[in-house]
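Engineer: Once you've had a glance at the structure underneath, I'll fire off some questions.
There are 2 protein chains.
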Amino acid sequence: MTKLIQITEVGPRDGFQNIQDPIPTTLKMNIIDNLVAAGIKHLEITSMVSPKAIPQMADAREVIKHVLHTHPQITPYVLVPNVKGAQLAADNHITHVNYVISVSPLHNQANINRTHQQSLDDLYSIRQNLPELDITLSLATVFGCPFIGATDVNVMLDIIKFADEHGIGKITLCDTIGVATPLQTLRILRVIQQAFPSIDVGLHMHNTHGMALASMAAGLQSGITRFETAVGGLGGCPFAPGAAGNAATEDAVNMFNRMGFDSAISLEGVLRVSALIKETIDPNLLSSLSRARTYSEFNFDSAHAMPDNDHGSIKYGK
Amino acid sequence: MTKLIQITEVGPRDGFQNIQDPIPTTLKMNIIDNLVAAGIKHLEITSMVSPKAIPQMADAREVIKHVLHTHPQITPYVLVPNVKGAQLAADNHITHVNYVISVSPLHNQANINRTHQQSLDDLYSIRQNLPELDITLSLATVFGCPFIGATDVNVMLDIIKFADEHGIGKITLCDTIGVATPLQTLRILRVIQQAFPSIDVGLHMHNTHGMALASMAAGLQSGITRFETAVGGLGGCPFAPGAAGNAATEDAVNMFNRMGFDSAISLEGVLRVSALIKETIDPNLLSSLSRARTYSEFNFDSAHAMPDNDHGSIKYGK
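Chains as they are written, first to last, in this note's numbering: chain W, 1041 to 1358; chain Z, 1041 to 1358.
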């Protein structure tokens, strides 16, 4: 039996946001169109933030309009850091937002200029004022913070508790600086799943230290089936110039496919988008599959004595 | 309790072998010296092959002489593909060899110009003629072959059986083209461990598809604690130009350290070797840590409620 995976493509937000030069809005639209053509159904298309803070996202309204008009069948997500962003997203007919709070208070302050209390107050207001808005809570710096190192698991649990009590059933654990290990991922997931057994947990890993897929595989072992990735491995963080960015969509799709999971995304389609990005935005993409032969003509698991998708007692997925 | 890991550095063989331009022998020696200074105790320093086939290894004797003379405290390994190579290694006072057979018959033919029978005959002769030689059997294309795709697990088991019957207690599973998934790794290890419970199994992964660390973490879960890696992520295969090479030593050391294992290798020391290689051999190293901030000033696992090295019931290592 094939097990389903949900991949949310975050390249147009997390990826583009880290590109210094302005990307023409038409190129962004073209890339989004090609991602949708590759089978992407969940797509973080932009963020509602101050254009002064992040000029690359200044065309948010145009991007939203294009996606809602051209791709009514997909679910576009918009990242919002506060009440104002959520209201603007809703005003622009967005139904799904990712609301971000950083577990590290220092990073929350640096990243979105808010204390934890202010962030939680905003979340409360959004819940009250926009009850029909589908909110996923994106928790930044769960696995480490560039300022303080380890973040406090109890603070994380308190934030999740607040969300849970206010009807937010989805959280995404973000490895903002890309340092998570598979063991750390297993342990943090276990703590959350024990405390909040019914909450829907997703993973948003970065590949800064090369462990993104390893931690995502650990996530699969813990029953996680929702992952955020960026085509080409775009993204990253300003603290690590030259380092790898988000877990790459093509690398994740390849791993999931090879492990018997189905993301309903075409690897070839995603690789075409990677090639387009390489040509137009960043010639030095660090995703593995954009540099390697895919060997997709082979089924490496079909060898004698290794029947396809027979996971046996090895548990991955739900 | 800290668990021990053995890393065998294969950069001077698997890495250098894939560099087109000749590397000066003195630079090779310098790199080896720095690897030893970083704490590397197991080191595949060269291969005994025809200099016509692999000109980069033509200085094998000089490299061996240097290592035996300068670093009597480490264990140097030499890769050998046949009787002649093993004899030459022994003649040059080498005590440990990695003898390579490819599970794919086509790859064995292309790589070392031998049928399986010829390779096994040679292994038998080496065992007879050089009984004091410590032989590790390196099995190439265990996880996939560039010519035929999946390789036959039963052929692999037959080769291991032959080795086992002839007193070879160590095998290294090599993902020659870098396509293994963590699930595939768990499954192949389980098959081998069930058939040969007392054999010492190591892993030699390539990062072509970005899953090297993921598969090594799966290896840890299966009790594997011996890994071959290459500084800087050097290596790779001629079938994937531009793609990532071997699992990078620095990335592996970082992951192991972070997961509470001890390789007795200095991450900073390995990173100095990476920097030297970047400067002198390949400016575009793809290892993660050579591109990223290490954050080694932090202990990311020290957060409240996540005590250090408390693996709990999550099993990694032996």
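From the three backbone atoms N, C-alpha and C, an ideal C-beta is built for every residue, glycine too. Note that this is a predicted model, so its numbers are computed, not measured.
1. Would you tell me roughly how many angstroms separate the C-alpha atoms of Z/Pro1116 and Z/Val1182, rounded to the nearest one?
2. If you draw a straight line from the alpha carbon of Z/Leu1223 to that of Z/Ser1255, how long is it in whole angstroms?
3. Are Z/His1246 and Z/Gly1282 closer than 8 Å when you measure CB to CB?
4. List the whole-angstrom C-beta distance separating Z/Ile1208 from Z/Ile1175, where the pair is believed to meet the contact cut-off of C-beta under 8 Å.
5. Applying the 10 Å Cβ sphere with the 16-neighbour rule, what's the burial state of Z/His1109?
6. Which residues, in chain order, does the region 1055–1073 of chain W contribute to contact with chain Z at a C-beta distance below 9 Å?
7. Would you check if there are 3 or more beta carbon pairs closer than 8 Å linking the region 1138–1146 of chain Z to the region 1189–1198 of chain Z?
8. How big is the Cα-Cα spacing for Z/Asp1065 and W/Asp1215?
9. Going by beta-carbon coordinates alone, are W/Asp1316 and W/Asn1058 separated by less than 8 Å?
10. Quick test of your reading: W/Ala1093 and W/Gly1309, contact by CB under 8 Å. State the CB separation rounded to the nearest angstrom.
11. Less than 8 Å between the C-beta atoms of W/Ile1047 and W/Val1293, yes or no?
12. Going residue by residue through the region 1236–1285 of chain W, where are the continuous beta strand (DSSP E) segments of at least 3 residues, counting only ones entirely within it?
13. Check whether the Cβ of W/Leu1223 lies closer than 8 Å to any Cβ atom in chain Z.
14. Using the beta-carbon count (16 or more within 10 Å), is Z/Lys1355 buried or exposed?
15. Which residues, in order along the region 1317–1329 of chain Z, keep a beta-carbon less than 8 Å from a beta-carbon of chain W?
16. Mapping DSSP to helix, strand and coil, what is Z/Lys1355?
17. Could you give the C-beta distance for W/Ser1314 and W/Ser1327, rounded to a whole number, given that I count them as a contact under 8 Å?
18. Which one of Z/Ile1072, Z/Val1089, Z/Pro1171, Z/Ser1090 has the shortest CA to CA distance from Z/His1082?
19. Excluding sequence positions up to five away, which residues of its chain have a Cβ less than 6 Å from the Cβ of W/Phe1056?
20. How would you list, in chain order, the residues of chain W whose beta-carbon sits under 8 Å from the beta-carbon of Z/Thr1269?
21. Taking the alpha carbon of W/Ile1264 as the reference point, which residue from W/Thr1212, W/Glu1084, W/Gln1060 has its own alpha carbon closest?
22. Any beta carbon from chain W within less than 8 Å of Z/Asn1339's own beta carbon?
23. Going by other Cβ atoms of all chains shown within 10 Å of its Cβ, with 16 needed for buried, is W/Asp1350 buried or exposed?
24. Is the shortest distance between the beta-carbon of W/Thr1048 and the beta-carbons of chain Z less than 8 Å?
25. Helix, strand or coil: which one does DSSP assign to Z/Thr1065?
26. Since W/Val1219 meets chain Z, which of its residues come closer than 7 Å, beta carbon to beta carbon?
27. In angstroms with no decimal places, state the Cα-to-Cα distance between W/Lys1043 and W/Arg1227.
28. Can you tell which of W/Phe1340, W/Glu1102, W/Thr1086 has its C-alpha closest to the C-alpha of Z/Thr1225?
29. What are the start and end residues of the beta strand (DSSP E) that includes Z/Ile1211?
30. Helix, strand or coil for W/Phe1296? Go by DSSP, reduced to three states.
31. Is W/Asn1151 close to chain Z? Criterion is C-beta to C-beta, closer than 8 Å.
32. Check the C-beta distance from W/Asn1138 over to W/Glu1084 and give it rounded, since I have them as a contact under 8 Å.
33. Does the distance from the C-beta atom of Z/Leu1311 to that of Z/Glu1290 stay below 8 Å?
34. Give the list of continuous beta strand (DSSP E) stretches no shorter than 3 residues that lie fully inside the region 1148–1217 of chain W.
35. Do you know how far the Cα of Z/Ala1220 is from the Cα of W/Ser1303?
36. Helix, strand or coil: which one does DSSP assign to Z/Glu1290?
Structural biologist: Let's see:
1. 24 Å
2. 8 Å
3. no
4. 5 Å
5. exposed
6. none
7. yes
8. As written in the sequence, residue 1065 of chain Z is Thr, which differs from the Asp given in the question. Taking the straight line joining both Cα atoms gives about 42 Å.
9. The question names Asp, yet the displayed sequence has Leu at residue 1316 of chain W. Contact flag unset, no.
10. Not quite, the Cβ-Cβ distance comes to about 33 Å (not below 8 Å), so this is no contact.
11. yes
12. 1240–1244, 1266–1269
13. yes
14. exposed
15. Leu1326, Ser1327, Ser1328, Leu1329
16. coil
17. 6 Å
18. Z/Ile1072
19. Ile1063, Gln1096
20. Ordered by position in chain W, no residue passes the 8 Å Cβ test against Z/Thr1269, which lies about 11 Å from the chain.
21. W/Thr1212
22. yes
23. Model confidence at W/Asp1350 stands at a pLDDT of 46, short of 50, so the residue's coordinates are unreliable; what they give is reported in the following sentence. W/Asp1350 should be labelled exposed.
24. no
25. helix
26. Tyr1335, Phe1340
27. 23 Å
28. W/Phe1340
29. 1210–1214
30. helix
31. no
32. 6 Å
33. yes
34. 1174–1180, 1210–1214
35. 19 Å
36. helix
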